[in-house]
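Enquirer: Have a look at this one.
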């Protein structure tokens, strides 16, 4: 721990106020989302506590506002603040899982392609190229559509979350694969890998213990930048109504609901989830940018 | 009068763990037409001395004190634009890797002509003739046909010749050459060194030749400065320094070069390694590795002093040294 | 100089390694180009008696590093055979006991150690891979012993590579190579990235280890002065071929091949005798399109018509082997 606070990473972190602020923002988002069920003022999914009487309450500082509902309520009388916290939880979870999924696929493919070379490399990279020619939202829509057509509605609602994660994850892996393959090509020719080959270690073992640790820094950067992208993708899908089921609204779902009331005066239903989304994505993105610079020795 | 004077040059690198002194109190001068060799191990500061003179210190490195004078004029405190003009016109630079000097997008002819017309009062046609002349001079066969080729169409040795032509074509008074032959094969190295030497001699150009290769120095230089841990440890005429080095470090350096003409069972070696900039010992920086160390070396830092045929920064040559 | 053993540790029989450097098939079809082959190593033979050092010298692109990688099995030969201790190399490599008898030391001390591993793990890697020791304590003790043997402290094991200087890293490389108790070491330019005073340390260490452990070396270098200090025999390579193979002392006393002479001529003179050097003209041609006949003929002062058409083969000349028509005909 002491070594960490003494390291260059910590030093460059401390020197960048933007990064510190975005780290704090990201931290608040993550904590607020992860512990939503403990710290949220209301439970927006507890149907018993919902009062239609409380619907369309503006934020508490407005004239008709109710201090109980700090950011107001939506059309069904759900507390916006709590809905945002619960929604952020879904958004973040989908984002994290999708990024982990594409990292696993991408890193494995990139590592194998880069280390093995030859026909395997050509085949894997052509698949990645084909994947890249489709816009990722299109891939996600496609996956979602196929699953919708293939399974009955009740089942679909149950697995909707996994479908979204898979759809977003599968459309992003080529970026990881390409980066990892590039770094692997460099590392593979370094002499420490050749030394391991002289000893006769298996390719799998060399990839795992020698190459992998040395290609992970760019992966970390891409994963961070991809997290914000995945959160946005999920919001887009949910906004279009093909994302997570309405029983588990994410930030995108909330914005879609609010969109209907945007021009009838109930602006807060769309704006606050929107702000939450922007803050979350922006802070993650800024963190990713900083990480990229901090891990790049050329820019130091 | 000296062409180049470097006086008490000190280069610092501010880091978050404090300021590192990369060059400390470096002074020397170069006369017109003279070749000064600068040798030392990696990290001794020899390349940084060259970079400071041509005004291309890599940030955050900066000249903290001292002066650099070219023909009596200070050039260490000039604004960037002014320094850039001097760098082309009065000081030519040759680096180890020719690819960093040549622009891959332009033909070598265009780069030469541009340099010539920027710095000399000639028109484009005349400049092109001059450029062809330079290419012939540095030994590029069929220069007239090859002048419109791009850098990648030349081999490594040929590219380094082009770089040399580029450094010389504005007819500068001083050339700073940083490891000009290190990237080349031995047989090409010999050609390039021979060429560089002849050109400098014919044109009366002074040269600061930075290299780790004592053989190159012995063949080319008139005087040699040996650097260690950011300071000059010994400076003197090349013959004296190669054959009768005075500083124990120079002696070790010369002794550890494997001889070509005989096999020795055990090569002379200097134990240990040069200290990092962040951990330069008190007193003489060489004292932990020095076979002749005595008590004064551990406390006082020696300045360059008369050591007979050369000047050495070593207390052995001060009064009251142990015999 | 160590005494030559009876059986050779390594025999290289007419080995070649070609690389396909053609452009991708589509581009080739459009440009109507044929396949292009780089003959990095083009039919060379030598052997290394146990306990001796053979050095290969030559300029960059002559194929000496490819030979180093061929004899430890990093490349497979396109033609010819490599025998390790009388056994075909591919078979020997398949047997972990045989494999542990060969090791390699590399040129770049900054790339040859995994930056994310502690030194103790780097040095212990061959011990673990060959399962030479099982017990953690025993491995640690062995690593300490190896580090001491190469002039480092056992405490250095806990550090990471970036905490060491170039010379110290090369010592760590040597310790790793020694950890599987090898008998045959391939050293690919082990000192060319080091400063001259450190180079002397490493060369002394390698010579010391050879006497103490009876090692056999294949030593690759471009520096003739270094080669003279360590070799029993020397092979000079030019464009993928051996042009001269000779006992070390006689190579320096009487270089026979014009290229060997040119190389010696090119070395800067430290003794400052003031002798005028006549550098060899021209540059090394591309190994993709080597000149016909003797590949050195465009640069050779002795070349005649025969050299332009007929490829010379290695023929004995006193105690050496030389591939040169001029030497054979006595025109040198």
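Residue numbers (my numbering), protein chains in the order written: chain Z, 926 to 1225; chain S, 211 to 533; chain X, 7 to 338. Backbone N, C-alpha and C fix where the C-beta goes; we use that ideal spot for every residue, glycine too. All of these numbers come straight from a predicted model, not from anything done at the bench.
Check whether the Cβ of residue 432 (chain S) lies closer than 8 Å to any Cβ atom in chain X.
Expert: False, the Cβ-Cβ gap to chain X never drops below 8 Å.
Enquirer: Assign residue 155 (chain X) to one of three DSSP states: helix, strand, or coil.
Expert: In this structure, residue 155 (chain X) counts as helix in the three-state DSSP scheme.
Enquirer: To be precise: take each residue of the region 206–228 of chain X, compare its Cβ to all Cβ atoms of chain S, and keep it if any distance is under 8 Å. Which residues remain?
Expert: The region 206–228 of chain X vs chain S, Cβ under 8 Å: 206, 207, 209, 210, 213, 228.
Enquirer: Please check the pair residue 231 (chain X) and residue 458 (chain S), which I expect to be a contact at CB under 8 Å, by giving their CB distance rounded to whole angstroms.
Expert: Going by Cβ atoms, the distance from residue 231 (chain X) to residue 458 (chain S) rounds to 23 Å, so no, they are not a contact pair.
Enquirer: Measure the C-alpha to C-alpha separation of residue 113 (chain X) and residue 1092 (chain Z) and round it to an integer number of angstroms.
Expert: Rounded to whole angstroms, residue 113 (chain X) to residue 1092 (chain Z) spans 47 Å at the Cα level.
Enquirer: Closest Cβ-Cβ distance between residue 316 (chain X) and chain S: below 8 Å?
Expert: Not an interface residue.
Enquirer: Count the other CB atoms, across all protein chains shown, that sit within 10 Å of the CB of residue 310 (chain S); report buried if there are 16 or more and exposed otherwise.
Expert: Exposed, by the Cβ-count rule.
Enquirer: Since residue 872 (chain Z) meets chain X, which of its residues come closer than 9 Å, beta carbon to beta carbon?
Expert: Outside the displayed range of chain Z (926 to 1225) lies residue 872 (chain Z), so it cannot be described from this structure.
Enquirer: Could you tell me which chain S residues have their CB closer than 7 Å to the CB of residue 235 (chain X), listed as they occur along the chain?
Expert: Result: 468, 473, 474, 477.
Enquirer: Assign residue 998 (chain Z) to one of three DSSP states: helix, strand, or coil.
Expert: Residue 998 (chain Z): strand per DSSP, three-state reduction.
Enquirer: Please classify residue 1097 (chain Z) as buried or exposed, where buried requires at least 16 other C-beta atoms within 10 Å of its C-beta.
Expert: Buried, by the Cβ-count rule.
Enquirer: Determine the direct distance from the alpha carbon of residue 377 (chain S) to that of residue 345 (chain S), and round the result to whole angstroms.
Expert: Approximately 12 Å, taken between the alpha carbons.
Enquirer: To which residues does DSSP link residue 54 (chain X) through a beta bridge?
Expert: In DSSP, residue 54 (chain X) forms a bridge with X:16.
Enquirer: How many Å lie between residue 1194 (chain Z) and residue 980 (chain Z) at the Cα?
Expert: Whole-angstrom Cα-Cα distance: 11 Å.
Enquirer: Helix, strand or coil: which one does DSSP assign to residue 110 (chain X)?
Expert: It is a strand residue.
Enquirer: What residues in the region 148–176 of chain X bring their beta carbon closer than 8 Å to a beta carbon of chain A?
Expert: Here chain A cannot be found, since the structure's protein chains are Z, S and X.
Enquirer: If the criterion is Cβ atoms closer than 8 Å, does the pair residue 1120 (chain Z) and residue 1016 (chain Z) meet it?
Expert: Their beta carbons are not under 8 Å apart, which means residue 1120 (chain Z) does not touch residue 1016 (chain Z) by this criterion.
Enquirer: What does a CB cutoff of less than 7 Å around residue 162 (chain X) pick up in its chain, not counting 5 residues either side in sequence?
Expert: Same-chain partners within the cutoff: 125, 153.
Enquirer: In the DSSP assignment, find the beta strand (DSSP E) that holds residue 1188 (chain Z) and state where it starts and stops.
Expert: Per DSSP, residue 1188 (chain Z) belongs to no beta strand (DSSP E) and is neither H nor E.
Enquirer: Who are the near neighbours of residue 427 (chain S) in its chain, counting only those whose CB is closer than 8 Å to its CB and skipping five residues on each side?
Expert: Result list for residue 427 (chain S): 247, 249, 419, 421, 434, 448, 452, in chain order.
Enquirer: Using a beta-carbon distance below 8 Å, is residue 1040 (chain Z) in contact with chain X?
Expert: So, not an interface residue.
Enquirer: Determine, using beta carbons only, whether residue 1090 (chain Z) and residue 1019 (chain Z) come nearer to each other than 8 Å.
Expert: For residue 1090 (chain Z) and residue 1019 (chain Z), yes; Cβs fall inside 8 Å.
Enquirer: Taking Cβ positions only, does residue 514 (chain S) come closer than 8 Å to chain X?
Expert: Judged by the 8 Å Cβ criterion, residue 514 (chain S) is not in contact with chain X.
Enquirer: Name the residue from Z:1009, Z:1110, Z:1151 whose alpha carbon lies nearest to the alpha carbon of residue 1095 (chain Z).
Expert: For residue 1095 (chain Z), the nearest C-alpha among the options comes from Z:1151.
Enquirer: I'd like to know whether the C-beta of residue 397 (chain S) is nearer than 8 Å to at least one C-beta of chain X.
Expert: It does; some Cβ of chain X falls within 8 Å.
Enquirer: Can you tell me the Cβ-Cβ gap for residue 70 (chain X) and residue 62 (chain X), rounded? I've got them flagged as a contact below 8 Å.
Expert: Indeed they touch by this definition, with Cβ atoms about 4 Å apart.
Enquirer: In terms of residue numbering, what span does the beta strand (DSSP E) encompassing residue 153 (chain S) cover?
Expert: This structure does not reach residue 153 (chain S), given that chain S is present from 211 up to 533, and the question cannot be answered.
Enquirer: Can you tell which of S:266, S:450, S:487, S:306 has the C-alpha that lies nearest to the C-alpha of residue 289 (chain S)?
Expert: Of S:266, S:450, S:487, S:306, the residue nearest in Cα terms is S:266.
Enquirer: If you count every other CB in all the chains shown that lies within 10 Å of the CB of residue 484 (chain S), and 16 or more means buried, which is it?
Expert: Flag for residue 484 (chain S) reads buried.
Enquirer: Quick one: which chain S residues come within Cβ less than 8 Å of residue 269 (chain X)?
Expert: Within chain S, the residues near residue 269 (chain X) are 396, 397.
Enquirer: What does residue 441 (chain S) pair with, by DSSP beta-bridge criteria?
Expert: Looking at the DSSP assignment, residue 441 (chain S) forms a beta bridge with S:438.
Enquirer: Against chain X, which members of the region 422–447 of chain S pass a CB distance test of less than 9 Å?
Expert: Taking 9 Å as the Cβ-Cβ cut-off against chain X, the residues of the region 422–447 of chain S that qualify are 422, 423, 424, 425, 426, 427, 428, 429, 430.
Enquirer: Here's a check: name, in chain order, each residue in its chain whose Cβ is nearer than 6 Å to the Cβ of residue 104 (chain X), leaving out the five neighbours to either side.
Expert: Excluding residues within five positions, the ones whose Cβ falls inside 6 Å are 98.
Enquirer: List the residues of chain X that residue 488 (chain S) touches, going by C-beta distances under 8 Å, in chain order.
Expert: Per Cβ cutoff of 8 Å: no residues; residue 488 (chain S) is ~12 Å from chain X at best.
Enquirer: Rounding to the nearest angstrom, what Cα-Cα distance links residue 258 (chain S) and residue 1042 (chain Z) in this structure?
Expert: Taking the straight line from one Cα to the other gives about 41 Å.
Enquirer: If residue 209 (chain X) and residue 477 (chain S) are in contact, beta carbons under 8 Å, what's the gap, nearest whole angstrom?
Expert: The Cβ separation is near 6 Å, so the contact holds.
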